[in-house]
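In order, the protein sequences belong to chains A and B.
The numbers in my numbering rise by one with no breaks, and the one at position 119 of the first sequence is 119.
Here my numbering = 1-based position in the second sequence + 119.
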Amino acid sequence: MVMEPEGHRNRMELLQGTLDMLIPRTLKWGTAHGYGIVQALRRQSGEALQVETGSLYPALQRLERRGCVRSGSNSESNQRARYYRITAVGKSQLADVGRWEQMVEVMSAILKTEDGGET
Amino acid sequence: MSWLPKLFERRKDELDEEIRAHIAMDVANRMERGELQERAEAEAMREFGNVALVRDVTHGVWRWRRLERLAANLRYAVRGLRRSPGFSITVIATLAVGVGAACAMFTVVDRVLLRPVPFGDADRLVEIGETPKGKSAFYPSPFLDIHRWQDRSPKLREIAFFGSNNSRVWFLGGNGDAMHVSSASVSANLFPTLGVHPVLGRGFVVGDSGGSVAPTDAHSILLSDAAWRTRYGADEAIVGKTVELNGERDTVIGVMPRGFTFPYEGMNSTGLPIVWQPIVLTPADALRGHHQAPTYQCLARLQASAELASAEAELNAIQPTIAETYTDPRDRENAALVNLRRYADTALQGNVRMTLVALLAASGLLWLIACLNVTSLMLARATARQREIAVRRALGAGRWEIVKQLLMEGVLLSGCASLVGLVLVIGLLRLFQHGLETQFNLHESFTPNVAVVGALLSLTVASTLLTSVWPAWGGTRASIEPALRQGAPQQGMGRAQHRVRTVLVVTQIALSFTLLVGCGLLLRTIYALRHVQLGFRTEHIVVANMTIPSYKYAGRDMTTTLYQPLVDRAKHLPGVESAALLTEVPLGKTFQMIFSFDVSGDSSSAIRRGAMRAQFRAVGPEMQKVFGFRMLHGRFFNEGDTASSQAVVVVNRAFVKEYYGDDRAPGKILGQSLFSLEKGRPAVVIGVLADERQVNVAEPSQPEMEVCLPQVTPVSMFYNFAEGRAMDVAVRTDRSPATMIPELRDILRTASPDLASSSFSTMDQIVEDSFGSQNLAAELLEIFGCSALLLCLTGIYGLLVYLVAQRQREMGLRIALGAQQWNVMSLILRQAVWMVAAGLGVGLGVAYLATAALRTLLYGVKANDPWSMSAAVLVILLGGLVAALVPARRAARVDPMEALRAD
C-alpha cells in the first residue's frame, strides 16, 4: 500500500465510478470472470489500464446489486469460477453513452480553466 | 438467528473461491507464457494485491452489511454476558420481577379500566333512571315514561331499553343436555344504539312504537358467540332453526359478535353465555305504576354536541308532567326526577378503580426500583470493564461503536428479562385468578392482546434506556490513557460514580419504603375487616349456589318437590350437623333481593314507614342451626311454621331502628303485622335478629326481613320473586369441604341433573371474597412490597461490597496502622446508615403523599397511620443492617499484608 510497485507507475489510475461503465462494456461480447475482465480491459486499453482487484470486485458487487450484471458459476478446468453476464438493464445503460461524453466535456473544461489560471 | 451468520458465511466462501480462481487463472496464464510456477504464483499474488483488503472492501458493498454488524454486536453481547453468568442472571431476574409485575397489572387495568364497556364510543352511552327528589336512586321506568322521553329529548340520539329476566340461569336446548345461559330482554333499538350488529343473521325487527320489538319477532332469540359455539358448534345453519329455551320453542335469528356481552355489569355476571330475548309490548305496558307495568332500564346515546348535564336538564324539564300522570302518590314521588349516568361508569363498582390505579402505581414503583437496581449494576460493570473499553478504543474502535455494543447488551438483557417477565405475568394472573374473578368479573383467562404486548415492548425499551444508556455513555467517556496505564482498573472514575450509585440506592430505599407503608396499611385494613363482628358463624359451612331449572317445575311447589327432599338427604350425610335452605347466604353477592312495600294502618308513624325497603330473604328454619346467629327478641322460625300455620316474619335490629325508631324498645315490634304473605294471610313479626353484615363486611348492617321458606307457597307473590330464581344450600359439617362437596354434588345431581353444575364454596371463602378489592390489593402489595424490599437490600449490599473491594488497600492500610476491626466495620456501617437514613427521610415524605391516595381503600386505619410507618421504618432499618453487615465484616477481615502487596 505504501510503496507503489514500479510496474504500476506508468499505468493510469481509474477514477471512481468509471469502472461501473467499463465493466458492462467488456461484458457486451459475452460472459467473463473477474480475471477475464481485468485482462480484457488491459488489452483494450493497450496495456494502459491496470484495474485494481480492490476496485473490481466491489464494482462487480455494486453492478450486480443494481441489476446491471448477473453472476453464476460454472466449472471450467476443474476450478469453480464465478462468471458475470450483462443483463437487459445493463445493456440499456450501455446505450447511454451521452452521459459519459457530457461528463468528459465538463471535466476537461474544468481542467483547462485551471491550467489557464496558472499561466 | 442462526441462519443469518450462515448466510454471511456462504457469501464469504463464494468470494474467497472467486479470489482463488482469479489467482489460479493468472498463474496458469503466466505459466503458459513460459514463467516458472514459483515466480508466476508470486507475481500473481503481487498483482492481485492485498487479498484480505479486497475481501473486506467487497463485503462493504453488500446490502446486509449493517445487519451483519448488528448480528456481530449481538453475538459479542451474548458472549460477553455468557462470560459473566452471575451478573446476567441477577440483572435478568431483577428486571423480570419489575417488568412482570408492571405488565401483569397493566393487563388487568387494560381489561377493567381502559375497556370497561367494549362498545364503540362508550363514553357517549348514558343510563337513565328515575329518582325521588333529594335522593340519587336509579329506578327502572315503565314504557310510557320511556316513550315520552324518546319524543322530547333532542339531545339524546336514541333511547333503548332492556330488562333483566326473572331467572338467573336459563336452559338452552332440549331435555337432558341443556346448556346453562344467562338471558336479558332487549328492545329492538338497543344493539344499534350500542353500535353492535349480529355477525350472523339479523337483529330484532323494530316494532311500531318506541323501539320495541315487532310482535312478529316475539319468539325470536339472538345468541351470543359463546352460546353459539358451545351449544351449536358454531353451526351457521342454526339461524332460522327452532330451539328450546327453558322449555319454550324459539327461533334463532342471529348470532352476536365474539366477546360481546350485555348487560355488561351486574351482580349476576356469571360468565355464562347469553341469550337475548325480545321486548314486545303487551297491554300492561300501556299502564303506569308499580306492580302494574313492567319496568325497564334505559340506555341512550348522547348527541355528538350534547353533554350529560344538559341532557339531564332537558329530561328533567318534562319530567314533572310525566310524574303527574302517576295515580299512585308513592309512584309519583319515586318518578319525580330523572337521573343520568355514564354507562361506562356503572361497570366499575365501588373502589375498583381506586384499587387498580393504586396497584398499577405500586407495580410501576417496583419496576422503577428494579431498573435503578440494574442501572447501579450496569455502572459497576462498566467500571470493571474500563480497561477492556480503553484497550478497544486504543485499537481504533469509535466511541459510538462501543456505546452501541454496550447498548446491545442492555437490549439483550431487557429482552430476556421481558421474556421471563411474561412467564411471571401468566403465573401472577393465574395465582390471583380467584380474586380477579370475584372482584373484577374477569372470567376469561389471560390472553396477551395488542395493548398488552405493546406495553411489554415499551417496558422493555424503557428498561433498556433507563438502565443502559447512562452506563454506556458514561463508561466510554473516560479518557483512554489513564485507564490503560493504571494498575487498579476502578480507581479512575470512582468518586463521581460512587455518588451516582449512592443516589440510586437512596432512591430505591425511599420507593421501597413507600410500598411497604402501603402494604402495611392494607394489611391493617384486612386485619380490621377480619375482626368485624359478622353476627354469625362462618367456619365449617359449605355452601352450594344452585342453578335451578325452574321452568321444569311450573305449577308445582319447588320447596316441597325439589328443595326440601334435597336438604333432608343432605342432612343425613355422615358428618353433617345441619343443613338449611336460603335464597342467599349472607355476603353472598349472588342474588340480592330488596323488598319495598307500604305499610297500611298504624297511622302514628306512617310517614317514617311510608316506604320500607329491606333486604329480603326466604330461609328454612334450620338456618339458625347452621349459622348460629343470635336473636335479640322473640324466636326464629321452627318446624312448627308450615304452609298451614300462622304466617310469620323475622326482622333485624337495623330494620327496627330504621323504621320504628331507636327510642322504642325493639321488642315492641313483635306481634305486629307488616304485610301479607298472600291474600288474606298477614304475616306477624315473631322475632328480632341481632345485626349482621349482609352485603359487605365493611358496611354496617342494613334493614332486613326474612320469611319462612315452607310458608311461601306458589300462591304467594314472594314465590315468584324468590324461589325459582335463587336458592342456596348451606351445610354445617366437620368434614373438609374437599370431601363434602362431591357428595353434595351427587345429591344435587340425583335431585335434578341440571343442578350438578351448581357452584360450591365455603362460608369462609365467601366472607374472604366479600372483603372486596382490599384483599386482592393487600396480597398483591405484599408481593410487590417484599420484592421491592429484597431488591433495595441487594442494592445496598451490592454497593457496599463494591465499595469494600474498591477500598481494600485503604482498609489494609488502616488495619496495618492499628485500626481495630470494629473501627473498620463502623466505617462501612456508617455509610449504610447514611444511605438508609437519607432513603427513609425521602421515603417518609413520598409515603405521606402517596398513601393519602389510598384513603378510600382503608378500613379501620388512617392513611398516615404511625404504626404502619414505624413498622416499615423498622423493617428497612433491620434489613439494611443485615445487608451491610456482610460487607462490613469482609472489610474488617482484610489481610493488611495481602492488601498492601496486591498490585
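In this text, a Cβ means the ideal position worked out from N, Cα and C, and glycines have one as well.
Contacts around residue i, its chain only, beta-carbon distance under 7 Å, and the 5 residues preceding and following it disregarded
| i | result |
| --- | --- |
| LYS1026/B | Since the displayed chain B opens at 120 and closes at 1022, residue 1026/B lies outside it and no answer follows. |
| ASP676/B | THR832 and PRO833 |
| VAL1013/B | GLN927, MET930, GLY931 and ILE934 |
| MET21/A | TRP100 |
| VAL636/B | ALA966, THR970, SER987, MET988 and ALA991 |
Beta-carbon proximity list for residue i, same chain, < 6 Å, skipping 5 on both sides
| i | result |
| --- | --- |
| GLN416/B | PRO259 and PHE281 |
| ALA591/B | VAL522, LEU525 and LEU526 |
| PRO822/B | ALA733, ALA773, PHE774 and GLU777 |
| ALA356/B | none |
| ALA337/B | VAL399 |
| ALA1018/B | GLN927, ARG928 and GLY931 |
| SER343/B | MET375, PRO392 and ILE393 |
8 Å CB neighbourhood of residue i in its chain, flanking five on each side removed
| i | result |
| --- | --- |
| ASN192/B | LYS523, GLN524 and MET527 |
| ALA297/B | PHE290, LEU291, GLU363, PRO668 and ASP873 |
| MET944/B | ALA1007, ARG1008, ALA1010 and ALA1011 |
| THR113/A | none |
| GLU64/A | ARG70, SER71 and TYR84 |
| THR414/B | TYR258, PRO259, SER260, PRO261 and GLY282 |
| ASP327/B | ALA333 |
Nearest to residue i (by Cα), restricted to the options the options
| i | options | result |
| --- | --- | --- |
| THR583/B | MET882/B, ARG460/B, TYR445/B and CYS490/B | CYS490/B |
| THR975/B | SER989/B, TRP953/B, GLN893/B and LEU959/B | GLN893/B |
| LEU475/B | ASP229/B, VAL358/B and ASP344/B | ASP229/B |
| GLU431/B | THR586/B, LYS274/B and TRP486/B | LYS274/B |
| ALA346/B | VAL371/B, PHE323/B, ALA337/B and GLY329/B | VAL371/B |
| LEU427/B | THR209/B, LEU200/B and LEU459/B | LEU459/B |
| LEU27/A | LEU60/A, ILE86/A and ILE110/A | ILE86/A |
| SER301/B | ARG868/B, THR380/B, ALA159/B and THR702/B | THR380/B |
| THR446/B | PRO413/B, LEU406/B, ASP464/B and LEU485/B | LEU406/B |
| PHE1032/B | PHE735/B, LEU244/B and ARG949/B | What is shown of chain B runs 120 to 1022, which leaves residue 1032/B out entirely. |
| ARG518/B | THR494/B, GLY594/B and ARG451/B | GLY594/B |
| LEU681/B | VAL695/B, LEU700/B and HIS691/B | LEU700/B |
| ALA673/B | PHE262/B, ALA966/B and GLU367/B | GLU367/B |
| GLY373/B | ALA425/B, ALA307/B and VAL588/B | ALA307/B |
| ARG472/B | ALA956/B, LEU973/B, THR209/B and PHE746/B | LEU973/B |
| TYR35/A | ARG65/A, ARG70/A and TYR84/A | TYR84/A |
| ARG817/B | ARG844/B, LEU313/B, ALA436/B and ARG649/B | According to the sequence as given, residue 817/B is Ala; it is not Arg. Ranking the options by Cα distance to ALA817/B, first place goes to ARG649/B. |
C-beta atoms of residue i and residue j nearer than 9 Å
| i | j | result |
| --- | --- | --- |
| ALA419/B | ILE211/B | no |
| LEU623/B | ASN492/B | yes |
| GLY219/B | VAL544/B | yes |
| GLY739/B | CYS827/B | yes |
| GLY999/B | LEU910/B | no |
| VAL704/B | ILE885/B | yes |
| LEU706/B | LEU485/B | no |
| ALA991/B | ASN983/B | no |
| THR644/B | TYR967/B | no |
| ARG864/B | SER877/B | yes |
| GLN411/B | ALA403/B | yes |
| PRO866/B | VAL745/B | Note on residue identity: the sequence assigns Ile, not Pro, to residue 866/B. Cβ atoms of ILE866/B and VAL745/B: not closer than 9 Å. |
| LEU641/B | ALA956/B | no |
Task: Cβ pair count under 8 Å reaching 3, the region 533–542 of chain B against the region 621–629 of chain B - done: no
TODO: Taking a Cβ distance cut-off of 7 Å, strictly less, list which residues of the region 52–77 of chain A are near chain B, in chain order.
DONE: Correct list: GLU52, THR53, GLY54, TYR57, PRO58, GLN61, ARG62 and ARG65.
Open item on the list: If the cut-off is 9 Å on Cβ atoms, which residues from the region 132–147 of chain B count as contacting chain A, listed in chain order?
Closed with: Taking 9 Å as the Cβ-Cβ cut-off against chain A, the residues of the region 132–147 of chain B that qualify are GLU133, LEU134, GLU136, GLU137, ILE138, ARG139, ALA140, HIS141, ILE142, ALA143, MET144, ASP145 and ALA147.
Open item on the list: Quick check: the region 645–659 of chain B against the region 1001–1012 of chain B, are at least 3 beta-carbon pairs closer than 8 Å?
Closed with: no
Open item on the list: Can you pull out the residues from the region 511–527 of chain B whose beta carbon lies closer than 7 Å to at least one beta carbon of chain A?
Closed with: none
Task: Interface positions of the region 13–40 of chain A facing chain B (Cβ-Cβ less than 9 Å), listed along the chain - done: HIS33, GLY34, TYR35, GLY36, VAL38 and GLN39
Open item on the list: Does the structure place the region 210–227 of chain B close enough to the region 477–491 of chain B that three or more beta carbon pairs sit under 8 Å?
Closed with: Contact between the region 477–491 of chain B and the region 210–227 of chain B is present: three or more C-beta pairs spanning the two stretches fall below 8 Å.
TODO: Give a yes or no on contact between the region 691–698 of chain B and the region 847–854 of chain B, applying the rule of three or more CB pairs nearer than 8 Å.
DONE: yes
Open item on the list: Whether or not the region 787–805 of chain B and the region 745–757 of chain B are in contact is what I'm after, with contact meaning three or more pairs of Cβ atoms, one per stretch, closer than 8 Å; do they touch?
Closed with: yes
- [ ] Anything in the region 150–169 of chain B with a Cβ closer than 9 Å to a Cβ of chain A? List those residues in chain order, please.
- [x] Of all residues in the region 150–169 of chain B, those with a C-beta nearer than 9 Å to a C-beta of chain A are ARG165, GLU166, PHE167, GLY168 and ASN169, reading in chain order.
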